[in-house]
Amino acid sequence: MPSSSVSATPASRTAPASRAPWRSLRHRGMRWWSAANFVSNAGTWMQLTVQNLLVLHITGSAAATGLSMSVQAAPALFVSLLGGAAVDRWPRKLTVAVSQALLGAVAFTTALLVALDRIDMTSLLVLAAVTGVIATVDGPACALLGNDLVPVEDVPSAIGVGALVHSAGRLAGSALAGVTVALLGTGAAYAANGLSFLFVAAVVPFLRPVRGAAERPAGEPRAVPERAETSVREGLMYFVRRPRLMALAGITGISSVFGRNYGLTLAVLVTGPLAGGAGSFGTVSTVLAVGGILGAVLGARLRRPSVRTVGLLAAAGGLLQAVAGVSPSLAVLLVLVLPMAVVESVSDTAGTAVLQTDPPAHLRGRVLGVWSSIGTVWSLGGPPLLGLLMQSAGARGALVAGGLLIAASVGAGLLLRRRGGVLPVAALPAADGEVTGRAALGTAA
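In the working numbering, each number is its position in the sequence shown, counted from 1, plus 4.
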């Protein structure tokens, strides 16, 4: 497989046991990709920051702001399966370059409408929906392209670095949004985001997969079924017949509903039973952000993440959450919030690494499409369920009950697995008839 200027260096081949969180940056392609993603994340957060203000300016309605966000997220629920199939069907680099260019075109269109004062709620919703549809292809394509740039053992590092880049881009974009709007107007933030997408598209042609990346050789697209429905069904059936992926979905789902909505549960706890104010919750939010960054660094040190690791971390986070629910003071809560955020971040990195390396190369896009649809269900259905729990049990009760439910569910799953043994999974043949195995990746649960 050609690797050109971004092939693994001799130093990287002589240090395969490295656990440094930054080890993925030894590869030139990953360095360029990380820089491009920082620019893109900064542009995205500039746009997101001003978009809510723009909707409020147009409508004066907070409900309309929520509607615009839901319209952009909705395609992930209905179109992600097709988007994942497209990622498996089309050349990866071309897919990313085109999707980034299309996202840039949407941002530039919005900027032009704002500059001409022709923007209204209908056009904003249409543009948000188009963005959401493009993102169903762009998201998995970008994730898998990043993995192509490092050996498979460095995928957790690449994911951890990506989380840090996302956090840094969010901080930079949110800060730049205010300055840009004040000096140049709202449309400038959309234009800046459009330029950030074009920057990523310009970098993509210069990226090359490294040797050891778990990907098909460049220039040799795998044959795929003629009909898109068959292609989508193949990815869906792989997911549901793969016990470790179903277990990962279960762990992540219950954690997402009962253990990760800290913006809601901790806000009510701090401003209610702990008698704090907005400033106190701001301090809690800052500690959560710091813990997330520390967790991303620790998660990047993983080399052989597994579903069992994700489960144990989720259970630990649930127990910490339950203890946090009975915190007698804000100081005690802050002591518990930091490890809660660290555990959550490490668990996210481990789970993402398993998800992106477990499927055979020709099915990864479709598996990520399935995952995106599932995640959208959690994000839309989780807050209302948690709200009902808080209404009946209060903030403390919701934190304690939710944390214990997570820990008990994970414990029961591990116990059942130990008693029942490992379920056999039939290997799915690739399109060329070769049986695709995953043992070499070393990610067994």
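For every residue, glycine included, the Cβ atom is placed at its ideal position computed from N, Cα and C.
- Message: Taking the alpha-carbon of L324 as reference, which of S259, P309, R27 has the nearest alpha-carbon?
- Response: S259
- Message: Is the beta carbon of G373 closer than 8 Å to that of G88?
- Response: yes
- Task: Locate the alpha helix (DSSP H) running through R96, then write down its first and last residues.
- Result: 96–119
- Message: I need the straight-line Cα distance from T450 to L403, nearest angstrom please.
- Response: Nothing can be reported for residue 450: it is not among the residues displayed for the chain, which extend from 5 to 449.
- Message: Quick check: the Cα distance between P332 and A412, rounded to an integer number of angstroms?
- Response: 24 Å
- Would you say A40 and T99 are within 8 Å of each other, going by their C-beta atoms? no
- Message: So T184 and A176 are supposed to be a Cβ contact under 8 Å. How far apart are they, rounded?
- Response: At roughly 12 Å, the Cβ-Cβ gap does not stay under 8 Å, so T184 and A176 are not in contact.
- Cα-Cα separation, V261 to G280: 25 Å
- Message: Cutting at 8 Å between CB atoms, please list the residues of its own chain near L129, excluding the five before and the five after it.
- Response: L71, S72, V75
- Message: Quick test of the definition: if touching needs 3 or more C-beta pairs under 8 Å, does the region 361–369 touch the region 235–242?
- Response: yes
- Message: Quick check: what's the CA-CA separation for A186 versus G47?
- Response: So the two alpha carbons sit approximately 16 Å from each other.
- Item | Status (buried if at least 16 other CB within 10 Å, exposed otherwise) for V330 | exposed
- Take every Cβ of the region 310–321, pair it with every Cβ of the region 345–352, and state whether three or more of those distances are shorter than 8 Å. yes
- V83, DSSP secondary structure in three states: Coil at V83, not helix or strand.
- Query: Which of the three DSSP states, helix, strand or coil, is assigned to A24?
  - Reply: Under the three-state reduction of DSSP output, A24 falls in the coil class, being neither helix nor strand.
- Query: To the nearest whole angstrom, what separates the beta carbons of V1 and V159, a pair I think is in contact under 8 Å?
  - Reply: It is not possible to answer for residue 1, since the shown part of the chain is limited to 5 through 449.
- Task: Alpha carbon to alpha carbon, how far is A78 from R305? Give it in angstroms, no decimals.
- Result: 34 Å
- Message: Taking a contact to mean a Cβ-Cβ separation below 8 Å, would you say M50 touches N197 in this structure?
- Response: yes
- Local conformation of I123 per DSSP, three classes: Three-state DSSP puts I123 in coil, outside helix and strand.
- Message: I'd like the list of long-range same chain contacts for G166, defined as Cβ closer than 7 Å, with 5 residues on each side in sequence excluded.
- Response: Here the set comprises N41, G150.
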